[in-house]
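Participant:
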Amino acid sequence: MVEPVTTLGLGAVFAYLGKDGLQKLLGPTAEYLGGGMRDFVKNRIENINNIFENAAKKLGSKIEEPGQVPPRVLKSIIDEGSYCDNKIAAEYFGGVLASSRTENGRDDRGARISRTIERLSIYQLRTHFIIYSNIKKMFAGKGISMNNEGRSKMQIFIPFIEYFSAMDFSNEEKLKLPSILPHCFFGLGSENLIEPTFYQYGLKASLSKYFAAVPSDGILCQPSAIGVELFLWAFGQANQPLDFIFSDTFLPIIEGVPTFLPNVLPVNQ
-7 MVEPVTTLGL GAVFAYLGKD GLQKLLGPTA EYLGGGMRDF VKNRIENINN IFENAAKKLG
53 SKIEEPGQVP PRVLKSIIDE GSYCDNKIAA EYFGGVLASS RTENGRDDRG ARISRTIERL
113 SIYQLRTHFI IYSNIKKMFA GKGISMNNEG RSKMQIFIPF IEYFSAMDFS NEEKLKLPSI
173 LPHCFFGLGS ENLIEPTFYQ YGLKASLSKY FAAVPSDGIL CQPSAIGVEL FLWAFGQANQ
233 PLDFIFSDTF LPIIEGVPTF LPNVLPVNQ
């Protein structure tokens, strides 16, 4: 028999939620934690704790409603999220956990989403957040839908100087930009998290053939359906349509990461 979570002495580990809170968050799936959690090294436990705290905050009062997280999703998040000690990763994994909590615990789409997050580096995750938070700000209220036709009208230009600042690169990282930039954009493109047929970065002269009014060196990119989907999952809104990204009630925030860069420009307007 699986040892119940309430007998594991995990109160210190999950101090934010408490034993009852942990069971409210995960539902019956909490018992899948079993004795194995005692074998986690301290840092991995702290990382999981951060993810669970984040999920609980996203759920808010909904945590009091009946529900559970599918075991496959819990396993995926513990296996893949326990090694991520970055607040952006905790935000994204926490959103997947919150989004996966349903009354019958059948919706296990989050297992796939969490594996996508696991494949992304911190540079790629931060870039993903910067791109989509700016797309949200720029195109909200414009009457453009996140369908195939609409997304082609949401191509944006991000100046290098603002992107580098938003990424908070250290001096050492700035020296690695020739390898970090392709890692970020080819990586997001290969995962279809930005439109793989439209992204460019480089000098003003090279970008002008795609955006005649380009004002400086920088980045051109276009949202993708999968990229928007991940953005919604990351903030606990997996069950909303893609156009929910533009809702006034959807307020994706990560402390320390800017949600809007003032000199980002639309390409097609």
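Residue numbers (the working numbering): -7 to 261.
For each residue, glycine too, the CB sits at the ideal point set by N, CA and C.
As the structure is a prediction and not an experimental result, all values here were calculated from the model.
1. Which residue or residues does DSSP assign as beta-bridge partners of GLN192?
2. Please classify THR241: does DSSP put it in a helix, a strand, or coil?
3. Could you spell out the range, first to last residue, of the alpha helix (DSSP H) harbouring PHE152?
4. Rounded to whole angstroms, what's the CA-CA distance from THR(-1) to LEU18? Just pull it up for me.
5. Helix, strand or coil for ILE148? Go by DSSP, reduced to three states.
6. So ALA158 and PRO250 are supposed to be a Cβ contact under 8 Å. How far apart are they, rounded?
7. Give the single residue among VAL256, SER68, LYS129, GLY219 whose Cα lies nearest to the Cα of ALA205.
8. Would the stretch 38 to 55 count as touching the stretch 82 to 90 if we require 3 or more Cβ pairs under 8 Å?
9. Hey, is MET159 close to the ligand GTP, as in C-beta under 7 Å from one of its heavy atoms?
10. So what's GLN261 in DSSP terms, helix, strand or just coil?
11. Sort LYS50, GLU187, LEU212 by Cα distance to LYS196 and report the nearest one.
12. Near GLN261, which residues of its chain fall below 7 Å by C-beta distance, leaving aside the five closest residues on each side in sequence?
13. What are the partner residues of GLN60, as DSSP defines its beta bridges?
14. Just to confirm my understanding: we take LEU117, look at its own chain, exclude 5 residues before and 5 after, and list those with CB closer than 8 Å. What are they?
15. Any idea what DSSP makes of ILE70, helix, strand or coil?
16. Which of the three DSSP states is assigned to VAL206 in this structure?
17. For VAL256, name the three-state secondary structure that DSSP assigns.
18. Count the other C-beta atoms from every protein chain shown that fall within 10 angstroms of the C-beta of LEU243, then say buried if there are 16 or more, exposed otherwise.
19. Closer than 6 Å by C-beta to SER227: which residues in its own chain qualify, once you throw out the five before and the five after it? Chain order, please.
20. Determine, using beta carbons only, whether SER74 and ILE40 come nearer to each other than 8 Å.
21. Using the Cβ count rule (16 or more neighbours within 10 Å means buried), how would you classify PHE149?
22. Tell me whether ILE186 sits in a helix, a strand or coil according to DSSP, three-state version.
23. Identify, in the order they occur along the chain, each residue of the same chain with its Cβ nearer than 7 Å to the Cβ of MET(-7), setting aside the five sequence neighbours on each side.
24. What separation, rounded to the nearest whole angstrom, lies between the Cα atoms of ARG143 and SER200?
25. Does ILE105 come out as helix, strand or coil in the three-state DSSP assignment?
Facilitator: Looking at the coordinates:
1. When beta bridges are read from the DSSP output, GLN192 appears opposite LEU212.
2. Coil at THR241, not helix or strand.
3. Per DSSP, the unbroken alpha helix (DSSP H) holding PHE152 starts and ends at 152 to 159.
4. With a pLDDT of only 34 at THR(-1), under the threshold of 50, the placement of this residue in the model should not be trusted; the figure read from the coordinates follows. If I take the Cα positions, the gap works out to 16 Å.
5. Assigned with DSSP and collapsed to three states, ILE148 falls in strand.
6. Confirmed, Cβ separation roughly 5 Å.
7. Cα-wise, what sits closest to ALA205 is VAL256.
8. With a cut-off of 8 Å, the stretch 82 to 90 and the stretch 38 to 55 count as touching, because enough Cβ pairs lie within range.
9. In terms of ligand content, the structure shown is empty, and the ligand GTP therefore cannot be addressed.
10. Coil, per DSSP.
11. For LYS196, the closest C-alpha among the options LYS50, GLU187, LEU212 is that of LEU212.
12. Within its own chain, no residue has a Cβ closer than 7 Å to the Cβ of GLN261 once the five positions on either side in sequence are excluded.
13. Among the bridge pairs identified by DSSP, GLN60 is matched with THR94.
14. Same-chain partners within the cutoff: ASN78, ILE80, ALA81, TYR84, ILE109.
15. In the three-state reduction of the DSSP assignment, ILE70 falls in the helix class.
16. The three-state secondary structure of VAL206, taken from DSSP, is coil.
17. For VAL256, the secondary structure class from DSSP, reduced to helix, strand or coil, is coil.
18. Flag for LEU243 reads exposed.
19. Correcting the residue type first, residue 227 is Phe in the shown sequence and not Ser. Here PHE227 has GLY87, PRO244 as same chain residues with Cβ atoms under 6 Å from its own Cβ, once five neighbours each way along the sequence are excluded.
20. Going by C-beta atoms, SER74 is nearer than 8 Å to ILE40.
21. It counts as buried.
22. Coil.
23. Because the pLDDT at MET(-7) is just 35, under 50, the model does not fix this residue reliably, and the value given afterwards should be weighed accordingly. Cβ-Cβ distances below 7 Å link MET(-7) to nothing in the same chain once the five nearest sequence neighbours on each side are left out.
24. Those two C-alpha atoms are separated by around 21 Å.
25. Residue state, collapsed to three classes: helix.
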